[in-house]
Each structure stands twice: as C-alpha cells, then as structure tokens.
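Per this note's numbering, the very first residue in the sequence shown carries number 26; after that it's consecutive. Glycine is no exception: its CB is placed at the ideal position from the N, C-alpha and C atoms. The structure displayed is predicted, hence computed values, not measured ones.
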Amino acid sequence: MSDQGNPNELSGAGKEDRKFDTKLIHFGGEVDAATGASSVPIYQASTFHHHDIYNPPSYDYSRSGNPTRQALEDYIAVLEGGHRGLAFSSGMAAISTAFMLFSAGDHIIVTEDVYGGTYRLLTGILNRFGIEATFVDMTKIDEVKAALKPNTKAVYLETPSNPTLKITDIAQVTEWAHAHDLLSILDNTFMTPYYQRPIEQGVDIVLHSATKFLGGHSDVLAGLAVTRTETLGRKLKYMQNGLGTVLGVQDSWLLMRGMKTLGARMAHSEKSAAKLAKWLSERSDIKAVFYPGLDSHPGREIHEKQSSGYGAVVSFDVGSGERAKRVLSSVKLPLVAVSLGAVESILSYPAMMSHASMPKEVRHERGITDGLLRFSVGLEDIGDLLADLEQALERQ
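(1) Whether or not the stretch 237-245 and the stretch 142-153 are in contact is what I'm after, with contact meaning three or more pairs of Cβ atoms, one per stretch, closer than 8 Å; do they touch?
(2) Would you mind working out which of Phe127, Thr159 and Asp131 sits nearest aspartate 138, comparing C-alpha positions?
(3) Ordered along the chain, which non-local residues of its own chain (more than five positions away) have a Cβ less than 6 Å from that of arginine 325?
(4) Could you tell me if glycine 408 is buried or exposed, where buried requires 16 or more neighbouring beta carbons within 10 angstroms of its beta carbon?
(5) Find out if the Cβ-Cβ distance for the pair serine 382, glycine 61 is shorter than 7 Å.
(6) Flag this pair as touching only if the stretch 230-239 and the stretch 110-127 have three or more C-beta atom pairs under 8 Å; answer yes or no.
(7) Find out if the Cβ-Cβ distance for the pair aspartate 342, alanine 302 is shorter than 7 Å.
(8) Do alanine 367 and glycine 336 have their C-beta atoms within less than 7 Å of each other?
(9) Quick check on aspartate 206: does DSSP put it in helix, strand or coil?
(10) Helix, strand or coil: which one does DSSP assign to isoleucine 78?
(11) Check the C-beta distance from glycine 269 over to arginine 88 and give it rounded, since I have them as a contact under 8 Å.
(12) Where does lysine 44 fall in DSSP's three states?
(13) Count the other CB atoms, across all protein chains shown, that sit within 10 Å of the CB of threonine 72; report buried if there are 16 or more and exposed otherwise.
(14) Contact between the stretch 206-215 and the stretch 45-57: three or more CB pairs below 8 Å?
(15) Return helix, strand or coil for tyrosine 316, following the three-state DSSP convention.
(16) In this structure, what does DSSP give as the bridge partners for tyrosine 86?
(17) Identify whether serine 401 lies in helix, strand or coil by the three-state DSSP scheme.
(18) Output yes or no for whether 7 Å exceeds the beta carbon distance between isoleucine 192 and threonine 184.
(19) Excluding five sequence neighbours on each side, which residues of the same chain lie with their C-beta closer than 7 Å to the C-beta of valine 363?
(20) Could you name the residues of the same chain whose beta carbon sits closer than 8 Å to that of proline 32, not counting the 5 residues immediately before and after it, in chain order?
(21) Cβ of arginine 109 within 7 Å of Cβ of glycine 258?
(22) Note down, in chain order, each residue of its chain lying with its Cβ closer than 8 Å to the Cβ of leucine 411, except the 5 sequence neighbours on either side.
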C-alpha cells in the first residue's frame with residue numbers, strides 16, 4: 026500500500042521523524058508546561074483577565090479560543106499534517122461551518138452516497154440560501170468533470186463512503202479540482218489519519234466526526250477540521266468564531282484522551298473487520314458485502330494506493346428489510362444504534378438511522394437498500410462476534 030498513508034513511514038526533520046503511534050502520545054501538548062501535569066489541564070473558564078490592556082492576552086473569551094481546545098486543535102493538525110486544526114461541537118457542526126465558506130450562487134460537486142446528515146444539510150438547508158449541490162458517482166472521474174459549472178467552487182468527497190464504502194481516487198480528484206481553482210473537502214471519519222491522510226494528496230480541508238473512531242468510546246460528541254494552508258485556516262477560524270460552533274473544554278479533554286489509543290484500537294478492530302468481511306462473503310444467504318479489504322471490492326487497488334489499512338466498518342445486505350430487522354432484534358453483543366467507531370461493536374440500519382433523511386428512491390439509487398446493515402467492529406473477541414451474528418442470521 027502507499028507509503029504516504031503508512032503510520033510507520035512519516036517523514037520530516039526533528040519531531041517529524043517520529044512515527045505515527047508515537048505522535049498519538051507525544052503530540053506537543055501532552056505535558057503541561059506550567060506544572061508538568063501528564064494531561065492537558067481543563068481550563069473551565071469563559072473569559073480571561075487582561076493583565077495589560079495595551080497588550081491583549083492570547084486568550085480573551087472561550088468562544089474565540091481556549092487553551093484546552095487549542096491543545097486538541099494543535100493535536101489533530103499534527104496527526105493530519107495540516108497547518109491548522111479546529112474543534113467543533115459535533116461532526117455536523119464541522120461540516121456545516123466548512124460549507125459556510127461558500128456564498129449564495131455557489132455550486133458544489135458532492136459524492137452521491139454521502140452521509141445522510143450531509144445530504145440533509147445540502148438539500149434541506151443550504152439550498153434555501155442559494156448554495157447548490159450536484160451529487161455524482163465520484164468513483165468515476167468523468168462524472169465529476171461533467172458536473173463542473175461556471176459557478177462551481179468545490180468538490181466534497183467521502184472515501185470510503187458511508188455506508189456502501191465506495192472508493193474515490195483522492196489524488197485524481199484533487200488534481201482536477203486544483204486545475205479548476207476549486208476547493209477540495211474530504212470527510213475522513215472512517216479511515217482517520219491513522220490509515221489515511223488526505224492533505225498529503227492535495228485535499229484542502231479534512232473533516233471528522235470525532236464522535237466516532239477518534240473519540241472511540243461512545244461518550245463524546247465532537248467534530249474536527251484541518252486545513253492544508255494557513256490562509257484557509259484563518260478563514261475557517263473566522264467562521265468558527267462567528268458561528269460559535271466550538272467544542273466545550275470538557276469534551277475537548279475527553280476527546281484527547283480517546284485519541285491517544287487510536288492506533289491500538291484501529292489496528293485491533295481492522296483485523297476483526299477483515300475476518301468478519303471474509304466470513305460474510307462466504308455465506309450464501311448474504312446478498313452483498315462491502316469492505317475495501319476484500320479482493321472482490323472494485324475500489325481495492327485505489328484504496329491501497331492512498332490508505333495503509335481497510336478500516337473497521339463492514340456493510341452487508343441481508344436481502345430484505347424484514348430480515349435486517351430480525352437480525353437487529355436478535356444480536357446480543359453489538360449495540361444496535363446510530364454511530365460507529367467505538368470500543369464496543371455497533372450494528373446500524375442506515376435506512377432508518379444514518380440515512381433516514383434521504384428519500385427511499387434516492388437511497389436505493391445509491392445502493393443503500395432496505396436490507397443493508399453497517400457493522401462497526403469494536404474490541405470484542407471476533408469469535409464471539411461471529412457466533413452472535415450467526416445465531417441472529419439463522420433466526421427465521
């Protein structure tokens with residue numbers, strides 16, 4: 026697979042020589058400079074005293090900046106290899122704030138099987154303000170190119186996509202986007218910077234629902250963004266401050282604690298996900314399995330070029346909505362819930378959960394069928410997970 030995405034092949038001088046797993050622990054703010062505390066202090070303050078009115082302090086009001094949140098923002102910028110990180114109150118807050126860079130009359134090209142919340146934002150909210158979106162199969166560069174209009178300002182990617190795990194060639198799309206002076210924005214929630222660093226392939230803004238793998242424990246709601254350039258970082262910071270979509274300090278601290286174990290969690294979960302995908306693909310009662318690590322996945326070669334792993338999410342079609350609901354009612358180990366990326370496995374039903382806001386006919390056009398389930402593999406023993414899923418699939 027590509028060295029650019031390999032956690033063990035980071036390059037540079039000084040601290041940049043450290044491997045990714047080391048950076049997860051030693052990111053620059055891991056020890057408090059004032060006290061030597063082994064974790065970033067929680068600055069539970071809304072405002073800050075100006076000791077010298079002629080020389081304003083670095084922090085004046087926590088919406089504009091807070092030392093705890095700043096440590097998190099610097100942390101994700103280090104991991105993604107960008108110039109500036111920003112922390113938001115949710116993944117959708119991060120996505121929404123990024124879209125506020127655009128104005129009425131602007132047009133954005135978007136991957137067709139995008140997360141349901143992003144689809145809802147574009148088709149039910151931003152369209153009312155004159156921001157237009159065209160949804161295309163971004164695995165086909167000709168469709169991306171054909172969607173270009175005189176008012177196009179950006180391309181928005183998910184790869185792997187949610188929930189069908191389609192793979193877009195990041196470098197191919199960003200090269201074309203830059204040639205037409207378009208911004209490129211990518212949701213990196215599924216892969217995380219542990220397996221995929223899009224900025225190294227030309228992406229301008231990387232977004233995360235940090236609620237998922239980065240937080241990793243189903244106990245924090247957060248979003249993150251990283252910009253490729255300082256100029257773009259200042260623009261997005263202006264939007265974050267103006268909209269007030271910031272992450273609170275308690276959640277900032279909790280997210281940093283979760284991120285320290287990202288490497289260990291992702292590596293364990295990916296191994297189990299690969300076994301789950303193979304097991305499902307060998308069953309005659311499963312209509313389709315979606316996982317980029319399978320030989321049968323059409324995007325595997327591209328994915329391996331731009332990522333160093335396949336991730337911990339497996340989607341599969343059990344054949345019908347009725348059977349999907351039986352499985353959901355019968356499993357004992359996974360949470361049956363919205364979300365993914367936690368220490369506990371989570372089994373989701375996109376048709377009624379993550380993509381419920383997408384009209385049925387639109388879902389079906391994009392392969393999000395009534396029988397589709399999405400399994401986010403946690404840290405349980407894979408043998409126990411397979412046994413549990415088998416008994417659920419055998420229920421009549």
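Quick look at the numbers:
(1) Taking 8 Å as the limit for Cβ pairs, the verdict is that the stretch 237-245 does not touch the stretch 142-153.
(2) Nearest option by C-alpha distance: Thr159.
(3) Excluding residues up to 5 positions away in sequence, Pro317 lie with their Cβ nearer than 6 Å to the Cβ of arginine 325 in the same chain.
(4) By the neighbour-count rule (16 or more Cβ atoms within 10 Å), glycine 408 is not buried but exposed.
(5) Cβ atoms of serine 382 and glycine 61: not closer than 7 Å.
(6) Counting Cβ pairs under 8 Å, three or more are found: they touch.
(7) It is not a contact, given that the beta carbons lie outside the stated cut-off.
(8) Going by C-beta atoms, alanine 367 is not nearer than 7 Å to glycine 336.
(9) Assignment of aspartate 206 by DSSP, reduced to helix, strand and coil, places it in the coil class.
(10) Residue state, collapsed to three classes: coil.
(11) Right, the Cβ-Cβ distance comes to about 5 Å (below 8 Å), so this counts as a contact.
(12) In the structure shown, lysine 44 sits in coil (DSSP, three-state: anything other than H, G, I, E or B).
(13) In the assembly as shown, threonine 72 is an exposed residue. Its beta-carbon has fewer than 16 other beta-carbons within 10 Å.
(14) Here the stretch 206-215 makes no contact with the stretch 45-57; the two share fewer than three CB pairs at distances below 8 Å.
(15) Reduced to three states, the DSSP call for tyrosine 316 is coil.
(16) In the DSSP assignment, tyrosine 86 forms a beta bridge with Thr72.
(17) The answer is strand: DSSP assigns serine 401 an E or B state.
(18) Yes, they are a contact pair.
(19) Within the same chain, valine 363 has close Cβ partners Ser373, Met378 and Ser379.
(20) With a pLDDT of 40 at proline 32, under the threshold of 50, the modelled position of this residue cannot be trusted; read the value that follows with caution. Only Lys44, Phe45, Asp46, Tyr219, Tyr220, Gly288 and Ser333 meet the Cβ criterion.
(21) Cβ distance < 7 Å, so arginine 109 and glycine 258 count as in contact.
(22) Around leucine 411, the same chain offers Lys300, Leu301 and Trp304 as residues with beta carbons nearer than 8 Å, after the five sequence neighbours per side are excluded.
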